[in-house]
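In the working numbering, the protein residues as written are 633 to 716.
Glycine is no exception: its CB is placed at the ideal position from the N, C-alpha and C atoms.
See the structure below:
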């Protein structure tokens, strides 16, 4: 089994950049934009072609960041929209 990339080396939260939204370090690229592109079915190669400031590792870091967030989040009732 391969170890997951340490997203802390690639993801930052800076209040001066996009109001502290999680971004890829050294860019103004929001992590959620990268995740949405992946969820929409874009290949990593296509994302890298569209956003040359990203690297394969930074895209993997976005996934690792999301995995860590999902592991610690509360569940949301999809019918009511309330946290459980």
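Three-state secondary structure (DSSP) of residue 656: Residue mapping note: residue 656 aligns to position 24 of the chain shown, counting from 1. In this structure, residue 656 counts as strand in the three-state DSSP scheme.
task: Taking the CB atoms as reference points, tell me whether residue 649 and residue 660 lie closer together than 8 Å.
output: The residue given as residue 649 occupies position 17 in the chain shown. The residue given as residue 660 occupies position 28 in the chain shown. Inclusion of residue 649 and residue 660 in the CB contact set at 8 Å is warranted, their separation being smaller than that value.
- prompt: Under the three-state reduction of DSSP, which class applies to residue 679: helix, strand or coil?
  reply: Taking the chain shown and counting its residues from 1, one reaches residue 679 at position 47. Residue 679: helix per DSSP, three-state reduction.
- request: Would you tell me roughly how many angstroms separate the C-alpha atoms of residue 681 and residue 702, rounded to the nearest one?
  value: The residue you call residue 681 lines up with position 49 of the chain shown. The residue you call residue 702 lines up with position 70 of the chain shown. Taking the Cα positions, residue 681 is about 28 Å away from residue 702.
Outcome for residue 690 when other beta-carbon atoms lying within 10 angstroms are tallied against a minimum of 16: As a first step, residue 690 is located in the chain shown; it is residue number 58 there, counting from the start. By the 10 Å Cβ count, residue 690 comes out buried.
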